[in-house]
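Top line first, the protein sequences correspond to chains A and B. Numbering follows full-length UniProt numbering, in which position 191 of the first sequence is assigned residue number 191; successive positions increment by one, without gaps. Numbering follows full-length UniProt numbering, in which position 207 of the second sequence is assigned residue number 207; successive positions increment by one, without gaps. Cβ atoms here follow ideal geometry from the backbone N, Cα and C, with glycine treated the same way. Treat the numbers as computed from the prediction; the structure is a model and nothing was measured.
2 protein chains.
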Amino acid sequence: MRGNLFAVAVDLVVLTVRDGVLCVLLRERSAKPFAGELALPGGFVQGREDLLDAAGRELAETGLAIQGHHLEQLAGYAAPDRDPRGRVLTVGHLALVPDLPEPPGEGAWWPVVKVDALAFDHLQILADGVERARAKLEYTTLAAAFCPPEFTISQLRRVYEAVWDASPDPRNFSRKVTNTPGFLEPTGTKVSGGRGRPGQLFRRGPATALHPPMLRDAPPARQMLGT
Amino acid sequence: MRGNLFAVAVDLVVLTVRDGVLCVLLRERSAKPFAGELALPGGFVQGREDLLDAAGRELAETGLAIQGHHLEQLAGYAAPDRDPRGRVLTVGHLALVPDLPEPPGEGAWWPVVKVDALAFDHLQILADGVERARAKLEYTTLAAAFCPPEFTISQLRRVYEAVWDASPDPRNFSRKVTNTPGFLEPTGTKVSGGRGRPGQLFRRGPATALHPPMLRDAPPARQMLGT
DNA sequence: GCAAAAGTGTTTGAATTACACCCATGT
DNA sequence: ACATGGGTGTAATTCAAACACTTTTGC
Numbered sequence: 001m002r003g004n005l006f007a008v009a010v011d012l013v014v015l016t017v018r019d020g021v022l023c024v025l026l027r028e029r030s031a032k033p034f035a036g037e038l039a040l041p042g043g044f045v046q047g048r049e050d051l052l053d054a055a056g057r058e059l060a061e062t063g064l065a066i067q068g069h070h071l072e073q074l075a076g077y078a079a080p081d082r083d084p085r086g087r088v089l090t091v092g093h094l095a096l097v098p099d100l101p102e103p104p105g106e107g108a109w110w111p112v113v114k115v116d117a118l119a120f121d122h123l124q125i126l127a128d129g130v131e132r133a134r135a136k137l138e139y140t141t142l143a144a145a146f147c148p149p150e151f152t153i154s155q156l157r158r159v160y161e162a163v164w165d166a167s168p169d170p171r172n173f174s175r176k177v178t179n180t181p182g183f184l185e186p187t188g189t190k191v192s193g194g195r196g197r198p199g200q201l202f203r204r205g206p207a208t209a210l211h212p213p214m215l216r217d218a219p220p221a222r223q224m225l226g227t
Numbered sequence: 001m002r003g004n005l006f007a008v009a010v011d012l013v014v015l016t017v018r019d020g021v022l023c024v025l026l027r028e029r030s031a032k033p034f035a036g037e038l039a040l041p042g043g044f045v046q047g048r049e050d051l052l053d054a055a056g057r058e059l060a061e062t063g064l065a066i067q068g069h070h071l072e073q074l075a076g077y078a079a080p081d082r083d084p085r086g087r088v089l090t091v092g093h094l095a096l097v098p099d100l101p102e103p104p105g106e107g108a109w110w111p112v113v114k115v116d117a118l119a120f121d122h123l124q125i126l127a128d129g130v131e132r133a134r135a136k137l138e139y140t141t142l143a144a145a146f147c148p149p150e151f152t153i154s155q156l157r158r159v160y161e162a163v164w165d166a167s168p169d170p171r172n173f174s175r176k177v178t179n180t181p182g183f184l185e186p187t188g189t190k191v192s193g194g195r196g197r198p199g200q201l202f203r204r205g206p207a208t209a210l211h212p213p214m215l216r217d218a219p220p221a222r223q224m225l226g227t
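Here it is as structure tokens:
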């Protein structure tokens, strides 16, 4: 077999919404290279793992409960000088988790807008992950992946507000999501305790696509790989 | 560095539209493994190449002129048993080219619907590439990448028909694409020679996104033949 | 003339928007 | 009572689907 040999890693863009702000899970590196700098969680593919298996293992190792979280591949990154140790290809992954009460075992949540420097090419991977999440909220029901198992329409709307930095009309938003078959399944119970009229609680439905899509106001300059 | 070492390859899903049929470029493998079987063109990443560089080199090696063709990354594939020689990760890429008069140097065009077996996991990569192309036609101006530098609206519409297996209304389609700023730039000349009224010739414009998107209809219902 | 393709005009209906307005709860 | 958030009603508007109709070419 011709060609170089590569070490292969997986890196994770773990996103959540905390207090209305889109946040990403970052770890401070303890080892060289880039010791002391912030980086995405990740690590090398081990044994006979497939990529998604390795990403799931790394997600579990962050201390986040793995059950039911959305996890998908983003893209491969293999610039020849991206790692000073040698030829390392990393496959970025995107994970979406609800705002969990317990903080993750290692690492901390950082508001995405405040992140301006990361180790390796992780800033690019983060940008690609955020853009993927933004785009997917348009035409899929993925926003519910940011919510706990039971949630109100307000919580779901706050996900859109945080990820898109836009404010859809609450009344029209409510109609839109409830009129999409399979997006939300009513639990019959109402939330209690908050201010104002209690809202109904929903679970995620089986639908995965959103037809017609929920359009962002501002024309999105979609980032396209390879252009 | 812990973790296994991988050979890293790039594979290409090169799509074009020939006589109204979506086709993919396939090569017959001469070497083992899978000698004699059909496979996507591709090869190992060499020297200090980045992934897109390697994919561009492989595209050039097929005999297709490389200038101006669309090329983007699809995804990484690294199932532990995908290559009997050992641990090989491949990064699938999608290339869109116009229907060139000269056939490619190596390989041949195959209608996508007739491809039912390929070496390695290339059938999966092909499926992912076709689905990516289908989806991108909805919300980008990428269909023009299947057309020569100057083309008519009919040619562009035939791209949608071939890729989607649907038949948008020619009149509404024409209005849609001409009303999207930056999609098409008129050349001022008309095509000559065909049957019927000659159409205007256009070039690709600078726009990359399509707002609002061109929505695919309901699931495809093929017209019965011989009625 | 006739068929074929390009292109315009118009009607209809679906979906989004922007509100006015009422409902249910905590303080 | 009043503020706060949940939710329905409805008119204006925008957009796309459907299709009648005209224009321009080859045969």
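Could you check the C-alpha separation between H69(A) and R203(B) for me, to the nearest Å? Their Cα atoms are separated by approximately 45 Å.
Rounded to the nearest angstrom, how far is the Cβ of A207(B) from that of F183(B), given a contact under 8 Å? Yes, A207(B) and F183(B) are in contact; Cβ-Cβ is about 5 Å, under 8 Å.
Strictly by DSSP, which residues pair up with Q73(A)? According to DSSP, which records beta bridges pairwise, Q73(A) is partnered with H93(A).
Per DSSP, the bridge partner or partners of F202(A): Within the DSSP secondary-structure output, F202(A) pairs in a beta bridge with F151(A), P186(A).
When the Cα atoms are used, what is the spatial distance from R82(A) to G107(A)? If you take the alpha carbons of R82(A) and G107(A), they lie about 22 Å apart.
Indicate whether at least one CB of chain B lies closer than 7 Å to the CB of V10(A). It does not: the Cβ of V10(A) has no partner Cβ on chain B nearer than 7 Å.
Going along chain A, which residues have a C-beta under 7 Å from N4(B)? Against chain A, the beta carbon of N4(B) has neighbours under 7 Å at V45, listed in chain order.
The region 125-143 of chain B touching the region 168-176 of chain B, judged by at least three CB pairs closer than 8 Å: With a cut-off of 8 Å, the region 168-176 of chain B and the region 125-143 of chain B do not count as touching, because too few Cβ pairs lie within range.
Taking 7 Å as the CB-CB limit, is P80(B) close to chain A? It does; some Cβ of chain A falls within 7 Å.
Are the C-beta of L51(B) and some C-beta of chain A separated by less than 7 Å? Output row for L51(B): interface = yes.
Same chain, Cβ closer than 8 Å to R134(A), five either side skipped, listed in chain order: These residues qualify, in order along the chain: V163, W164, R216, P220.
Burial state of A95(A), where buried means 16 or more other Cβ atoms lie within 10 Å: Buried.
From L123(B) to I153(B), what does the alpha carbon distance come to, in whole angstroms? Near 32 Å, if we compare the C-alpha coordinates of I153(B) and L123(B).
Residues of chain A with CB under 9 Å from L215(B), in chain order? Within chain A, the residues H211, P212, P213 have their CB atoms less than 9 Å from the CB of L215(B), given in chain order.
Since L156(B) meets chain A, which of its residues come closer than 7 Å, beta carbon to beta carbon? Here the premise fails: no neighbours, minimum Cβ distance about 19 Å.
Measuring only the C-alpha atoms, how far is K190(B) from Q155(B)? When rounded, the distance between both Cα atoms is 13 Å.
Residue environment, H211(B), which counts as buried when at least 16 other CB atoms sit within 10 Å: Exposed.
N-terminal and C-terminal residue of the alpha helix (DSSP H) that E138(B) is part of: Counted as a single uninterrupted DSSP element, the alpha helix (DSSP H) harbouring E138(B) occupies residues 122-139.
Pick from G193(B), G188(B), G194(B), P84(B): whose alpha carbon is nearest that of Q200(B)? Among G193(B), G188(B), G194(B), P84(B), the Cα nearest to that of Q200(B) is on G188(B).
Going by C-alpha to C-alpha distance, which of L52(A), R157(A), L59(A), G129(A) sits closest to G105(A)? The shortest Cα separation from G105(A) among L52(A), R157(A), L59(A), G129(A) belongs to L59(A).
Touch test, the region 11-28 of chain A against the region 84-99 of chain B, Cβ-Cβ under 8 Å, three pairs minimum: In short, these stretches do not touch, since the Cβ pair count stays below three.
When you compare the CB positions of A9(B) and T90(B), do they come within less than 7 Å of one another, or not? A contact, by the Cβ cut-off of 7 Å.
V91(B) touches chain A at which residues, Cβ-Cβ below 9 Å? Counting only Cβ-Cβ distances below 9 Å, V91(B) has contacts in chain A at A75, G76, A78, L89, V91, in chain order.
For the beta strand (DSSP E) containing G43(A), list its first residue and its last residue. Following the DSSP letters along the chain, one finds G43(A) inside the beta strand (DSSP E) bounded by residues 42-44.
To the nearest angstrom, how far is it from the Cα of R18(B) to the Cα of P111(B)? Those two C-alpha atoms are separated by around 9 Å.
Residue burial classification, A218(B) (beta-carbon count within 10 angstroms, cutoff 16): Bear in mind that the predicted position of A218(B) carries a pLDDT of just 45, short of 50, making it too unreliable to give a figure here.
Say whether chain A places a C-beta atom closer than 7 Å to the C-beta of R48(B). Among the residues facing chain A, R48(B) is included, as its CB has a counterpart in that chain under 7 Å away.
Could you give the first and the last residue of the continuous beta strand (DSSP E) run that contains D11(A)? That run of the beta strand (DSSP E) goes 5-18.
So is V113(A) buried or exposed if we call it buried at 16+ other beta carbons inside 10 Å? V113(A) comes out exposed.
Considering only their Cβ atoms, is the gap separating A7(A) from G3(B) smaller than 7 Å? Cβ atoms of G3(B) and A7(A): closer than 7 Å.
Go ahead and pull the three-state DSSP assignment for P170(B). DSSP places P170(B) in helix when its eight states are reduced to three.
Roughly how many angstroms separate the alpha carbons of G20(B) and Y160(B), rounded to a whole number? Computed Cα separation, rounded: 9 Å.
Got a sec? Which residues, its chain only, sit under 6 Å from Y139(A) by beta carbon, not counting five neighbours each side? Excluding its 5 nearest sequence neighbours in each direction, Y139(A) has C-beta neighbours in its own chain below 6 Å: L210, P213, listed in chain order.
From the DSSP output, read off the bridge partner residues of residue 296(B). Nothing can be reported for residue 296(B): it is not among the residues displayed for chain B, which extend from 1 to 227.
Can you grab the Cα-Cα spacing for the pair G36(A) / A127(A), in whole Å? When only Cα atoms are considered, G36(A) and A127(A) end up about 21 Å apart.
What distance in whole Å lies between the Cβ atoms of L71(A) and L52(A), which are believed to be in contact at a cut-off of 8 Å? Between L71(A) and L52(A) the Cβ distance is about 7 Å, and since that is below 8 Å, they are a contact.
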